[in-house]
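Engineer: Oh and the sequence shown: position 327 is 318 in my numbering, straight run, nothing missing. Idealized CB from N, CA, C, for every residue including glycine.
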Amino acid sequence: MWKRILIANRGEIALRIIRCCREMGIETVVVYSKEDEDTLPVLMAGKSICIGKAKASETYLNQDILIDCAKKTFCQAIHPGYGFLSENAKFAKKCEENGIVFIGPDYRIIEKMGNKQAARELMIAHGVPVVPGGEGLADTFEKALEDAGRIGFPVLIKASAGGGGKGMRKVYREEELEQAYLSARQEAKAAFGNDDVYVEKLILNPRHIEFQILADKYGNVIHLGERDCSIQKRNQKLVEESPSVALDENLRKEMGEMAIKAAKAAGYDSAGTIEFILDERRDFYFIEMNTRIQVEHPVTEMLTGIDLIREQIRSAHGRKLSLTQEQVSFDGHVIECRINAETSGLVKMLHFPSGYGVRTDSYLYNGCTISPYYDSMIAKVIVKGSNRLEAIRRMRRSLEELIIEGIQTNEGIMHLLMFHKNFVKGDYNTHFWEEHSETLLQWNREGNADDQ
Ligand code: ADP
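#1: Cβ of residue 337 versus every heavy atom of the ligand ADP: is any distance shorter than 7 Å?
#2: Using 10 angstroms around the beta-carbon of residue 29, count the other beta-carbons present and answer buried if the total reaches 16, otherwise exposed.
#3: If you check the beta carbons only, do residue 345 and residue 372 fall under 8 Å apart?
#4: Indicate whether the contact test is met: 3 or more Cβ pairs, each with one atom in the region 107 to 117 and one in the region 148 to 163, closer than 8 Å.
#5: What's the call for residue 442, buried or exposed, on a 16-neighbour Cβ count within 10 Å?
#6: Taking just the CA atoms, how far does residue 254 sit from residue 104?
#7: Thinking just about the alpha-carbon of each residue, which of 57, 285, 412, 236 is nearest to the one in residue 205?
#8: Mapping the DSSP letters down to three states, classify residue 237 as helix, strand or coil.
#9: What I want to know is whether the C-beta of residue 126 ends up closer than 7 Å to one or more non-hydrogen atoms of the ligand ADP.
#10: Pair every Cβ in the region 401 to 415 with every Cβ in the region 423 to 430, then say whether three or more of these pairs are closer than 8 Å.
#11: Compare the beta carbon distance of residue 215 and residue 297 with 8 Å and say whether it is the shorter of the two.
#12: Which residue from 55, 276, 135, 115 puts its Cα closest to that of residue 166?
#13: Between residue 224 and the rest of its own chain, which residues show a CB-CB distance below 8 Å, the 5 nearest in sequence each way excluded?
#14: Is residue 246 near the ligand ADP - that is, is its Cβ less than 7 Å away from at least one heavy atom of it?
#15: What does the Cβ neighbour count give for residue 48, buried or exposed, with the cut at 16 atoms within 10 Å?
#16: Alpha carbon to alpha carbon, how far is residue 213 from residue 417?
#17: Would you give the residue range spanned by the alpha helix (DSSP H) that residue 63 belongs to?
#18: Can you tell me where the alpha helix (DSSP H) with residue 138 in it begins and where it stops?
#19: May I have a chain-ordered list of the alpha helix (DSSP H) segments no shorter than 4 residues that lie completely inside the region 194 to 265?
#20: Hey, would you say the C-beta of residue 156 is under 7 Å away from at least one heavy atom of the ligand ADP?
#21: With a cut-off of 8 Å on the beta carbons, I'd call residue 478 and residue 138 a contact; round off their distance for me.
#22: So, for residue 220: in the same chain, excluding its five sequence neighbours on each side, which residues have a beta-carbon less than 7 Å away from its beta-carbon?
#23: Grab the span of the beta strand (DSSP E) containing residue 276 for me, first residue to last.
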């Protein structure tokens, strides 16, 4: 195994990787911005290098500095975490050219799957179901109109280079198409420097179901079950759980096999995620592949007992997968809540939940400061129960134990969400937040979660 790796990230994921490396006997180097000077990853890594003031473009996204730091400190590999450069094919290529292993898939795969339209075509060619859509890109408005006409409204305009819901527009009527088409292109251009868009059917009331994949460089691919990530606020996931109440054994098996097929079609060789949407008739469609470790990976770790970061590092190093599909087992029910900061500043008092079946992944400590510069996600509370209701009850009591004073967070709302009858029944889809957030906010104002 490698002696030392560089972590090109910050916050909870940098800490998660440091912890894993320590257990594997790998030394760590983290790079950081001055803004992050007093954060836990910087204090806990074997070595920490300050690479700039605050701006992500000058620090965590600065490819040349990162490679330079890795070389100077004799790191043999770079772990990119999620976000930042984790799905940047150019950076992965640059690592390779400099004799440093990028801990993720081959850069050609990142490139291929980073283009949603190309990924879609690849899936079609391999018999993986995709959302009904236009043929190729909608490079003119006339083509978008023709595609939409063929598919039938409502449709979704999507940016090929898209991510985080950017460059995406729902269109319910033909009259709205032109405006939506132009603004989607504009937004995509600004966010990704690429304004390619395409049209697909807007699936009504879908659930977002994704499968965790593990693969090695020898063609072995397994899946570690699904995560239901339908509770999203403006395309940002808030709650993830596994197993999904929307799947039965047959559908789980079918989707799992399709996820493996999709990963094989991509020639995949690392930890990754195949995202599907599931419609009301329980038909499912591939929407995209994420070629990195995801925020919600602990859900799968708690359910299967498999350390995904460890497997990802081993695979990048050229080790074979340490288990077969038959050896993967799923135990109980896991729920994760993301805790987001709504303001920045000093954390005056902090207490994390613990006890049986509870895990908190975070980089906060008493007296730390939350920076306004980066991702607002500051903690993930993950609980496991022997069944779903037990997990929900454990999450309620965990969020009751969680104390973050000095800044505002969504903690109260997440706690109330665990009491909402639709959530408790498992009766939800990606519109849950739009439909029910007002109720949750009202309960929050009234300070009452009883008997819901
Ligand atoms: P991004 O990469 O920008 O996050 P995705 O393709 O993953 O974009 O889609 C983000 C979210 O949008 C999904 O989680 C899903 O809820 C919704 N979505 C995507 N495609 C469709 C579709 N065809 N119909 C309905 N909802 C969709």
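Structural biologist: According to the structure shown:
#1: For residue 337, the distance from the CB to the nearest heavy atom of the ligand ADP is not below 7 Å.
#2: The residue is exposed, with fewer than 16 neighbouring Cβ atoms inside 10 Å.
#3: For the 8 Å CB-CB criterion, residue 345 and residue 372 do not form a contact.
#4: Yes, the region 107 to 117 is in contact with the region 148 to 163.
#5: Because residue 442 carries a pLDDT of 46, less than 50, the predicted location of this residue cannot be relied on, and the following value inherits that uncertainty. Around the C-beta of residue 442, fewer than 16 other C-beta atoms lie within 10 Å, and the residue is accordingly described as exposed.
#6: Taking C-alpha positions only, residue 104 is separated from residue 254 by approximately 10 Å.
#7: A check of alpha carbon separations from residue 205 across 57, 285, 412, 236 identifies 285 as the nearest.
#8: Judged by DSSP in its simplified three-state form, residue 237 adopts coil rather than helix or strand.
#9: Result no, Cβ not under 7 Å from the ligand ADP.
#10: Yes, the region 401 to 415 is in contact with the region 423 to 430.
#11: Closer than 8 Å, so yes.
#12: Answer by Cα proximity: 135.
#13: Excluding sequence neighbours, residue 224 sits near 424, 428.
#14: No; taking the cut-off as 7 Å, the Cβ of residue 246 has no heavy atom of the ligand ADP nearer than that.
#15: It counts as exposed.
#16: So the alpha carbons of these two residues sit roughly 27 Å apart.
#17: Per DSSP, the continuous alpha helix (DSSP H) segment holding residue 63 begins and ends at 54 to 63.
#18: Residues 132 to 142.
#19: With a minimum length of 4 residues, the continuous alpha helix (DSSP H) runs that stay inside the region 194 to 265 are 240 to 257.
#20: The answer is yes for residue 156.
#21: The chain is shown from -8 up to 443; residue 478 falls before or after that span and cannot be answered.
#22: 199, 201, 228, 231, 287, listed in sequence order.
#23: For residue 276, the uninterrupted beta strand (DSSP E) run begins and ends at 275 to 281, by DSSP.
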